[in-house]
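Residue numbers (this note's numbering): 661 to 912. Ideal placement from N, C-alpha and C gives every residue a C-beta, glycine not left out. All values derive from a computational prediction rather than experimental measurement. All remarks here apply to the structure that follows.
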Ligand code: IPE
Ligand code: IPE
Ligand code: MG
């Protein structure tokens, strides 16, 4: 079963609608600045974009949507922006959870949680518990998440559970300990806001993901922009190391 989830252990199934979309929601601050408003207004408007992208993914039949909300490096921002983001996160969890649940959406949060205050940790736990059995879209929010942190915590926990594997563990042994172990690797990665970098997001899982960069700032990203990204994805040839000829004639 594990191999089904790893593009380097087996060749994944490819479908016209991505099963898993990962998004770096970037450009909130610049969106606000362009309108002579404080950066935090951009973060507020960004929540609305997320709401419409979640709905669009649900309607399109995407199974997993994973979004980067706060990176392990975002603590480097000014204190007032960080505390605004924390209170927005708490408000959003409390306000949106009933509607996510009603829509059969399963909410998951990945990242190092111990740095968040108690109230926020409890709201995260409650939201996950409430929606744990839902069978529709799985929405994963990455908060205080870093791709390197993820690999490191997976290695530490694996070695704690199986010290004898220290020099022999394989990719398949590590897989169950990674934050996204239950999901297939992303088919499509979208970064808004014009930057062309990964910024420490899901580095392990993006090994064979199709990358799509949009200049649109996140608060302006909508259903149509998502459709353009998916259309671009549908034109890609996903070879996973093979040749084009092999794709056309699988026996070659
Ligand atoms: C992304 O928007 C949201 C977070 C990182 C929390 P930014 O806040 O990075 O916006 P820009 O990139 O400065 O415009
Ligand atoms: C990446 O955006 C993190 C999130 C969107 C949460 P940043 O705005 O923090 O990335 P850099 O600093 O431009 O690479
Ligand atoms: Mg940014």
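#### Entry: alpha helix (DSSP H) runs contained entirely in the segment 876-904, provided each spans 4 or more residues
883-894
### Query
When you compare only the Cα positions, how much space is there between residue 772 and residue 737?
18 Å
### Task
Let me know the secondary structure DSSP gives residue 723 once reduced to three states.
coil
### Message
Given 7 Å as the limit, tell me if residue 810 has its C-beta closer than that to any heavy atom belonging to ligand 2.
### Response
No, the Cβ of residue 810 stays beyond 7 Å of every heavy atom of ligand 2.
### Beta-carbon proximity check, residue 918 vs residue 862, cutoff 8 Å
Only positions 661 to 912 of the chain appear in this structure, which leaves residue 918 out of reach.
### Message
Which same chain residues end up closer than 7 Å to residue 764 when comparing Cβ atoms and leaving out the 5 residues on each side of it in sequence?
### Response
794, 795, 796
### Query
Which one or two residues does DSSP pair with residue 756 in a beta bridge?
None, per the DSSP bridge assignment.
### Query
Can the beta-carbon of residue 703 be found closer than 8 Å to that of residue 750?
8 Å or more divides the Cβ of residue 703 from the Cβ of residue 750.
### Query
DSSP state of residue 855, grouped into three classes?
Reduced to three states, the DSSP call for residue 855 is coil.
### Query
What residue does the alpha helix (DSSP H) around residue 778 start on, and which one ends it?
778-791
### Message
Check this for me: beta carbons of residue 720 and residue 677, under 8 Å apart or not?
### Response
In this structure, residue 720 sits near residue 677, with a CB-CB distance shorter than 8 Å.
### Query
Mapping DSSP to helix, strand and coil, what is residue 798?
Secondary structure of residue 798 (DSSP, three-state): strand.
### Query
Can residue 681 and residue 846 be called in contact, C-beta distance under 8 Å?
Yes, these two residues count as a Cβ contact at 8 Å.
### Query
Helix, strand or coil: which one does DSSP assign to residue 718?
Three-state DSSP puts residue 718 in a helix.
### Query
Would you say residue 802 and residue 727 are within 8 Å of each other, going by their C-beta atoms?
yes
### Query
For residue 800, is the classification buried or exposed, using 16 other Cβ atoms within 10 angstroms of its Cβ as the cut-off for buried?
buried
#### Entry: Which listed residue (774, 667, 870, 706) has its alpha carbon closest to that of residue 853
Checked all of 774, 667, 870, 706; the closest Cα to residue 853 is 706.
#### Entry: residue 868 - DSSP class collapsed to helix/strand/coil
coil
### Task
Classify residue 684 as helix, strand or coil using the three-state DSSP reduction.
strand
### Buried or exposed by the 16-neighbour rule on C-beta atoms within 10 Å, applied to residue 769
buried
### Message
Would the segment 865-872 count as touching the segment 693-703 if we require 3 or more Cβ pairs under 8 Å?
### Response
Taking 8 Å as the limit for Cβ pairs, the verdict is that the segment 693-703 does not touch the segment 865-872.
### Message
Is residue 875 close to ligand 3? I mean its beta-carbon at under 7 Å from any heavy atom of the ligand.
### Response
Outside the cutoff, so no.
### Query
What are the boundary residues of the alpha helix (DSSP H) that residue 808 is part of?
807-821
### Chain-ordered list of residues that sit, by beta carbon, closer than 6 Å to a heavy atom of ligand 2
684, 685, 686, 728, 729, 730, 731, 734, 855, 857, 859
#### Entry: First and last residue of the uninterrupted beta strand (DSSP E) at residue 767
Counting along the chain, the beta strand (DSSP E) containing residue 767 begins and ends at 766-770.
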